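Chains as they are written, first to last, in the UniProt record's numbering: chain A, 1 to 564; chain B, 1 to 564.
Where is the CB? At the ideal position from N, CA and C, for every residue including glycine.
Please read these numbers as outputs of a predicted model, since none were measured by experiment.
Number of protein chains: 2
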Amino acid sequence: MTAQLSVQKLAETRRATLDEALDAIRTRAYWSPHPEHPKAYGETGPADGLAAFEALRGGRFELGQPGTDGWTGAETSPYGPALGIEYPHADVEVLLPAMRAGMRAWREAGPETRALVCLEILARISARTHEFAHAVMHTSGQAFVMALQAGGANAQDRGLEAVAYAYAEQTRTPAAASWSKPQGKRDPLEMRKTFTAVPRGIALLVGCNTFPTWNGYPGLFASLATGNPVLVKPHPRAVLPLAMTVRVAREVLAEAGFDANLVALAVDRPGEGLAKVLALRPEVRIIDYTGSTAFGDWLEEHARQAQVYTEKAGVNTVVVDSTDDYRGMLGNLAFSLSLYSGQMCTTPQNLLIPRDGIETDAGHKTYDEVVADIAGAVDKLLGDDARASALLGALVNPDVKARLEAAAELGEVALASREVVHPEFPDAVVRTPLIVKADGSHKDGQSADEVPYLAECFGPVSFAVAVDSTDDAVELLRRTVREKGAMTVGAYTTSADVEAAVEEVCLEESAQLSLNLTGGVYVNQTAAFSDFHGSGGNPAANAALCDAAFVANRFRTVEVRRPV
Amino acid sequence: MTAQLSVQKLAETRRATLDEALDAIRTRAYWSPHPEHPKAYGETGPADGLAAFEALRGGRFELGQPGTDGWTGAETSPYGPALGIEYPHADVEVLLPAMRAGMRAWREAGPETRALVCLEILARISARTHEFAHAVMHTSGQAFVMALQAGGANAQDRGLEAVAYAYAEQTRTPAAASWSKPQGKRDPLEMRKTFTAVPRGIALLVGCNTFPTWNGYPGLFASLATGNPVLVKPHPRAVLPLAMTVRVAREVLAEAGFDANLVALAVDRPGEGLAKVLALRPEVRIIDYTGSTAFGDWLEEHARQAQVYTEKAGVNTVVVDSTDDYRGMLGNLAFSLSLYSGQMCTTPQNLLIPRDGIETDAGHKTYDEVVADIAGAVDKLLGDDARASALLGALVNPDVKARLEAAAELGEVALASREVVHPEFPDAVVRTPLIVKADGSHKDGQSADEVPYLAECFGPVSFAVAVDSTDDAVELLRRTVREKGAMTVGAYTTSADVEAAVEEVCLEESAQLSLNLTGGVYVNQTAAFSDFHGSGGNPAANAALCDAAFVANRFRTVEVRRPV
């Protein structure tokens, strides 16, 4: 094998990064090798990235995959223009066996080489972050800078984190061991044992519309690093960023002497329902999915031959009890509600505010004042259309727009959503957040289905829920997490008792909690290597990004023992 | 809290053992703190153990559990006598909430204290190994020495191993971290984060008849050490060893200042089907099960609210290609087939032998010679009734006896099963292994259901399967593991090519392989801390004892972050 990329060369260039990542997941201190600043990618980086993206438009995205039986694709940017890109459509009867062909060599390469190859893939993606940013922007509707950060650098971080976990997990058991059991006066029993991490089979990644890379990379890289081929089935509206990822992965695999078909793309024809077909194939042994609860539940119930990792809907809550930085709280919440038009699985939906108001450093504030002040902070943040556009991005699809419009009927509107004209893309559907007032009085007699704010209303919609007391807020938080799940919980309080009560609910119901955020960290943002994304312990997701449980069952350890 | 057992005292007495266990799972060298020799338990240990066991017979087994609404139990020893012990029957509507009451304190104790308490439980069980051995013997039918080793020392090893994995997994993420993200010329973003391992909820252990402790302890201790209360639902024929375990656990928990109800017992009334009821309770979030494929599949399909760990049926294969120690091979196989009357999930069932015979150090041996020599080795091993009884133990229940009798009709009998008279317990049903000849010619056209040896025939039944070639044996091995699962695979060969081919099948189909065992290590025995029991990657089991995946999803990590 005369691979262009030798293991030695990969070790020289990438092993130090792997070690840093391994150290970061142990200490959980801040670390990232992927710059968030657009200017960090070289003088020509921005122009090159844009040009590369533009060059892809209106063409066929060749991957050289076996079993290509046609072309498909109809992405339209949430900013207006159709992308006009066609992707190979796969005959899965040909593609799936072809993906298995390279498994043995990939398994035999071992955990370190697999990790280094994955890091090389990520490094090449990182070098093209501007190009990926345009691809993410024009499929998800994220604003450009967010697409570059969340869809670029931070997604790469999450992928690298998964590689580090996969490597750590596979190397916890030694590759070989000698075993000598004393037998009293007789000779000891002596065995030589080998332990090999073996893949489960083909891993299916079912991508989402809003965060194709950020939500896709953890599963993709966790599966690949543990020896499994990965079939990427993107959301039909967000194919390009994952198609580009697949292309880079195939290039690196081939250069390193492995079968490029270890990573492949499968794009739906309109109405084909390919995810359901693939999910039930016996070759598919791992599935990663981000999206609706309905399909996530379907996967968990029906794809019994596979390990299924799902991130589904949830209802994120912020308990507003008191604060010693009222202005900071308002600004922080306004930003969280506005970022990417609330189209994050981590965006707060329900703000639980005592009916009698709250104590703050700016004096007592009534419920109405708090709601009006949050609304005012959002208005101020988004007062300028250009600035607003750079924060809001575009609504990702017509469903979100329809949901936003319908939500205005759900109660008294505290802050109306307004149309924003995007300075560059006049066809973009850009909307400011809607805040609806809601009654949070004891709802024990009502099923969650009867309470509008207890359903996920994905998009720029939040509810200012008037509760009878902070105690009631804490109980409503508990019910919400237990019945509906939550990716995030926030709370503002100056009371040690309230803080302890909220913390206890989060510990008991398994939800990730951010307390008293008033500065530049937002409840809807988590940082790889330090923050867990979701807990895997409430209905919003059955896995956390990223922990040992996310990788430990993607491979098995086969022992061979021989007498010495 | 004035606990009799302080954390400090536990640390002094048990921390060193935990550290040794942590080291053992890393190196996978031989290690055990639990002696296998009956004389290792003090001069009066044997007599005390027997007396303690006898004192339990014919009485009520008090546990002081809440919600006891009656008494139940009808165990009869496979050696003849009825045990006459009654156990509390639980009103689960009372017991389950009571089990949750102590969760918070148990969670707050943290991973180290939980591990130390678990080690104290195991140490007290270890001190009473003789008593447990009688309990295991008279419920499982294991011979006394095996009950003492497998049901005592080795089961305690597996429990300790699970505690070590649980501790390691929970402490991989630090309890707290500082996070500081540079912001160019601005002040860095600074956060203080805490990470807490939180339990999932009540863990249900559904015990089995043959290895109540060995198969029960890994799940029990993995769940308890990760903070979950454990409800033990023993097999109705093998209650006592687990009831004794529950009693010790409750004593230690109470002495250490925790709620004794963190571990409780639930025993069926006849025909009650309690396992199905408990498995679907919303409070039950983890299930460990060993037993039939039918019920294991039912649990996996229906207990969707829980993490389900199952060990089900499998068909274990030994490929007999060639050997340079024919006598050693015969003796090793004879022992493996005889031990506990083949009632181990790891006992070989199918011996694949080329129709044209094999090469050995004793010359070429035809298929018929190999089969006759294996039969002869079994006969020789079991020629004396007293020695045979000490190896065979008793048939665990009438189902095994019926299956054995029916199996003699499945083909030409190479070795008939004979009745053995137990020297001490004349009512014991003791039988030597049956070996049936079978045709292993290409069966591609036949479904596995049509081939008798492709179904698990649990008990002292094995098939000497004549295959057309070693290549065919390897393919039959692959098919067997893939379609039916296997806890163990064995092979005898002097050919590097055959060895590589068998190894490759085991790597691809995820099965644990023992090669050329001719001495005192047997394919059906695995040692904790070094050998994996099952792979979790084929249909015989969805989990391996013990690895990170077995513990990592029994808890979740909740993060709380605050600005500095």
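| Beta carbon proximity, tyrosine 30 of chain B to chain A, threshold 7 angstroms | Chain A contact via Cβ: present.
| Any idea what DSSP makes of isoleucine 25 of chain A, helix, strand or coil? | DSSP places isoleucine 25 of chain A in helix when its eight states are reduced to three.
| Classification of glutamate 301 of chain B by the beta-carbon crowding that lies within 10 angstroms, buried from 16 upward | That one is exposed.
| request: Within its chain, find whatever has a CB closer than 7 angstroms to the CB of glutamate 509 of chain A; leave out the 5 residues flanking it on each side and keep chain order. | output: Taken in chain order, the residues that qualify are Arg478, Val481, Arg482 and Asn538.
| task | Report yes if the CB atom of proline 236 of chain A is closer than 7 angstroms to the CB atom of aspartate 288 of chain A, and no otherwise. | result | In this structure, aspartate 288 of chain A does not lie closer than 7 angstroms to proline 236 of chain A by Cβ.
| message | Measuring straight from C-alpha to C-alpha, what distance separates glutamine 349 of chain B and aspartate 531 of chain B? | response | Roughly 21 angstroms separates the two Cα atoms.
| query | Do you know offhand how far leucine 204 of chain B's Cα is from isoleucine 125 of chain A's? | reply | Roughly 46 angstroms between the two C-alpha positions.
| Chain-ordered residues of the segment 327 to 356 of chain A with a beta carbon less than 8 angstroms from chain E | No chain E is part of this structure, whose protein chains are labelled A and B.
| query | Three-state secondary structure (DSSP) at leucine 231 of chain B? | reply | Here leucine 231 of chain B sits in strand by DSSP.
| task | Compute the beta-carbon to beta-carbon distance between serine 338 of chain B and leucine 381 of chain B, rounded to the nearest angstrom, for a pair I have assumed lies under 8 angstroms. | result | About 6 angstroms; that satisfies the 8 angstroms criterion.
| What is the rounded straight-line gap between the Cα of alanine 303 of chain A and the Cα of glutamine 183 of chain A? | Their backbone Cα atoms lie some 48 angstroms apart in a straight line.
| Residue range of the beta strand (DSSP E) that alanine 191 of chain B falls in? | Reading off the sequence, residue 191 of chain B comes out as methionine, not alanine. First-last of the beta strand (DSSP E) with methionine 191 of chain B: 186 to 199.
| query | Skipping 5 residues on each side, what residues in its chain have a beta carbon closer than 8 angstroms to that of methionine 1 of chain B? | reply | The predicted model places methionine 1 of chain B with a pLDDT of 46, which falls under 50 and marks its position as unreliable; any figure quoted below should be read in that light. Around methionine 1 of chain B: Gly257.
| Sequence-distant residues of the same chain with beta carbon closer than 8 angstroms to threonine 346 of chain B, five excluded per side | Counting only Cβ-Cβ distances below 8 angstroms, and skipping sequence neighbours, we find Asn316, Met487, Thr488, Val523, Asn524, Gln525, Thr526 and His533.
| Rounded C-alpha distance that separates alanine 123 of chain A from glycine 159 of chain B | Rounded to whole angstroms, the gap between the alpha carbons of alanine 123 of chain A and glycine 159 of chain B is 43 angstroms.
| query | In three-state terms, what does DSSP make of methionine 1 of chain A? | reply | Interpretation of methionine 1 of chain A is limited by its pLDDT of 46, a score under 50 that renders its predicted location unreliable; the figure taken from the coordinates is listed afterwards. DSSP places methionine 1 of chain A in coil when its eight states are reduced to three.
| Cβ neighbour criterion (16 or more within 10 Å) applied to histidine 37 of chain A | With fewer than 16 other Cβ atoms from the protein chains shown falling within 10 Å of its own Cβ, histidine 37 of chain A counts as exposed.
| task | Report the three-state DSSP secondary structure of proline 182 of chain B (helix, strand or coil). | result | The answer is strand: DSSP assigns proline 182 of chain B an E or B state.
| Residue-chain proximity (serine 447 of chain A, chain B), Cβ-Cβ < 7 angstroms | Not closer than 7 angstroms to any Cβ of chain B, the Cβ of serine 447 of chain A fails to qualify, so no.
| query | Is glutamine 156 of chain B helix, strand or coil by DSSP? | reply | Helix.
| task | List the whole-angstrom C-beta distance separating serine 322 of chain A from glutamate 369 of chain A, where the pair is believed to meet the contact cut-off of C-beta under 8 angstroms. | result | Actually they do not touch by this definition, with Cβ atoms about 14 angstroms apart.
| request: Tell me, please, whether the segment 212 to 219 of chain B touches the segment 145 to 152 of chain B by the rule of three or more beta-carbon pairs shorter than 8 angstroms. | output: A contact is defined here as three or more CB-CB pairs under 8 angstroms, and the segment 212 to 219 of chain B meets this definition with respect to the segment 145 to 152 of chain B.
| field | Closest by C-alpha distance to glycine 541 of chain A, when choosing among B/Phe550, B/Thr76, B/Arg556 and B/Asn542 | value | Reading off the sequence, residue 541 of chain A comes out as alanine, not glycine. In terms of CA proximity to alanine 541 of chain A, B/Arg556 leads the group B/Phe550, B/Thr76, B/Arg556 and B/Asn542.
| said: Quick test of your reading: threonine 415 of chain B and alanine 375 of chain B, contact by CB under 8 angstroms. State the CB separation rounded to the nearest angstrom. | reply: With the sequence shown as reference, residue 415 of chain B is identified as leucine, and threonine is not the correct amino acid for it. Right, the Cβ-Cβ distance comes to about 4 angstroms (below 8 angstroms), so this counts as a contact.
| Sorry if obvious, but does the Cβ on alanine 40 of chain A come closer than 6 angstroms to a heavy atom of the ligand SAM? | Although the ligand SAM was asked about, the structure shown includes no ligands whatsoever.
| message | Within 7 angstroms of any Cβ in chain B, is that where the Cβ of valine 502 of chain A sits? | response | It does not; no Cβ of chain B falls within 7 angstroms.
| query | Distance, Cα to Cα, arginine 418 of chain A vs glutamate 54 of chain A? | reply | Pairing arginine 418 of chain A with glutamate 54 of chain A, the inter-Cα distance amounts to about 31 angstroms.
| task | Thinking leucine 410 of chain B and proline 452 of chain B are a contact (beta carbons under 8 angstroms), I'd like their distance in whole angstroms, please. | result | Confirmed, about 5 angstroms.
| For proline 35 of chain B, the three-state DSSP class (helix, strand or coil) | Coil, per DSSP.
| request: Tell me whether tryptophan 71 of chain B sits in a helix, a strand or coil according to DSSP, three-state version. | output: Three-state DSSP puts tryptophan 71 of chain B in a strand.
| Minimum length 3: unbroken beta strand (DSSP E) runs contained in the segment 68 to 150 of chain A | As for any beta strand (DSSP E) of minimum length 3 sitting wholly inside the segment 68 to 150 of chain A, the runs are 68 to 72 and 87 to 90, ordered along the chain.
| Are valine 429 of chain A and leucine 454 of chain A closer than 7 angstroms when you measure CB to CB? | The answer is no: Cβ separation not under 7 angstroms.
| request: Would you verify that the beta carbon of aspartate 19 of chain B is, or is not, closer than 7 angstroms to some beta carbon of chain A? | output: No - not a single Cβ of chain A is within 7 angstroms of the one on aspartate 19 of chain B.
| Is the Cβ of arginine 556 of chain A closer than 7 angstroms to any Cβ of chain B? | Yes, because at least one Cβ of chain B sits closer than 7 angstroms to the Cβ of arginine 556 of chain A.
| task | Would you mind working out which of A/Ala115, A/Glu161, A/Leu50 and A/Ala135 sits nearest serine 77 of chain A, comparing C-alpha positions? | result | Checking every option, the nearest Cα to that of serine 77 of chain A belongs to A/Ala135.
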